[in-house]
Amino acid sequence: MSTPYGMPPTPPTGAPPLPPAKSRTPLYIALACGCVLVLLLVVAGIGVGLYLVGKDGGEETTSPPSSIVDPPPSEDPSDDPTDDPSTPTSDAPTEIETDQPVDKPTEGPSADATSPSDEIFTLTVSKPEEGTTLELSGETKTPENDKFIGVAVTIENSSSTSIGLDTDRFRLYDDSGAEINIRYGAFSTSGPEIPAGEEAEAQLYADVPEDTVLAEISYTDEVGTGGSEFRVPVGG
């Protein structure tokens, strides 16, 4: 017997029935659970990794400053500029120099020995003397001005070379700094020099007005002073 078009074939009579179709729902459920489990494991792994990375990064940024910010204070006294023992020593020479009155030749008596170098010569100046007449080489001199003013200079030659002794090597100055012309001179040596190791005296006189005050005397010699004027104050 034929089967009409579009109808399923009719199983032959007496044939065994078809087995029932198997359900695949449990398989889909199992696959879905597996995917969810894998996803959870991945998420958990990422979370743990981020936690560990964050923890390690925090330790690296916080631990080093603790050793830099809080170092033990230095106990070396040389690091403290206020404790430097060399600081006050810079003022010591100034106090010593300013407290030495012996370095001021104007405070000493006029008869004290003075020299630019003890190895060359020593110069001693007497106190000035004044008068209206002057006895010199057996003659009595009278001033053209008001008075004579005189001073004695003793020079000891300590060098090994002769040094000069004549009127041209001396100059006199008044209390205003003006030069006083030397009128007369008398010397204890026969020549114009002082031999090495010897001493000589020069007596110098000026013809001056009444109000003149002798304040300084100078000596110049090529050997004794190197050609420079050596000035010494005198007292009244």
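Each residue of the sequence shown is one higher than the one before, starting from 24 at the first, in my numbering. From the three backbone atoms N, C-alpha and C, an ideal C-beta is built for every residue, glycine too.
Asked                                                                                                                                                                        : Found
Any heavy atom of the ligand MG closer than 6 Å to the beta-carbon of V257?                                                                                                  : Ligands are entirely absent from the displayed structure, and the ligand MG is therefore not among its contents.
Is it right to say G57 is buried, meaning 16 or more other beta carbons lie within 10 angstroms of its own, or is it exposed?                                                : exposed
Just to check my reading of the structure: K170 and E158 have Cβ atoms closer than 8 Å, yes? What is that Cβ distance to the nearest angstrom?                               : Their Cβ separation, rounded to whole angstroms, is 15 Å, which puts K170 and E158 out of contact at 8 Å.
Can you give me the start and stop residues for the beta strand (DSSP E) that E158 sits inside?                                                                              : L157 to L159
Mapping DSSP to helix, strand and coil, what is P166?                                                                                                                        : coil
Going by DSSP in three states, T145 sits in which element: helix, strand or coil?                                                                                            : strand
So which of V174, S181 and A229 has the shortest CA-CA distance to T145?                                                                                                     : S181
So what does P215 bridge to, in DSSP terms?                                                                                                                                  : In DSSP, P215 forms no bridge with anything.
Would you identify the three-state DSSP class for R4, choosing helix, strand or coil?                                                                                        : Because the chain spans 24 through 259 in this model, residue 4 falls outside it and cannot be assessed.
Tell whether a beta-carbon distance below 7 Å holds between P218 and N168.                                                                                                   : no
Just the Cα atoms here: how many angstroms apart are L60 and Y74?                                                                                                            : 21 Å
Of all the options G173, L64, T184 and T156, which has the alpha carbon lying nearest to the alpha carbon of I240?                                                           : G173
For a quick check, are the C-beta atoms of L195 and A229 less than 7 Å apart?                                                                                                : yes
Count the other C-beta atoms from every protein chain shown that fall within 10 angstroms of the C-beta of Y242, then say buried if there are 16 or more, exposed otherwise. : buried
How many angstroms separate the CA atom of G208 from the CA atom of E142?                                                                                                    : 27 Å
Please say whether I203 and L227 have beta carbons closer to each other than 7 Å?                                                                                            : no
What would DSSP say about L73, mapped onto helix, strand or coil?                                                                                                            : helix
Going by other Cβ atoms of all chains shown within 10 Å of its Cβ, with 16 needed for buried, is I69 buried or exposed?                                                      : exposed
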